Amino acid sequence: MGNVSVGTDAILVERVKHLEELLAEKERLIKVYEKLVEGKK
8 MGNVSVGTDA ILVERVKHLE ELLAEKERLI KVYEKLVEGK K
């Protein structure tokens with residue numbers, strides 16, 4: 008029983024890491040986009 012919860016926690020940790028990476032990438036893209044928009048003005 009204990010092993011199952013440990014495995015689930017590991018999967019959740021991996022998912023959270025993946026989501027954090029996606030968010031970081033999104034933030035980076037937003038900054039790039041904002042610079043492009045400002046450059047066009």
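Sequential numbering of the sequence shown, starting at 8, is according to this note's numbering. A virtual CB, placed ideally from N, CA and C, is assigned to each residue, including glycine. What you are looking at is a predicted structure, and each value in this text was computed from that prediction instead of being measured.
Put simply, the backbone Cα of VAL39 is about 33 angstroms away from that of ALA17. Linking GLY46 to GLU28 through their CA atoms gives a straight-line distance of about 27 angstroms.
In the three-state scheme derived from DSSP, where H, G and I count as helix and E and B as strand, LYS48 is classed as coil.
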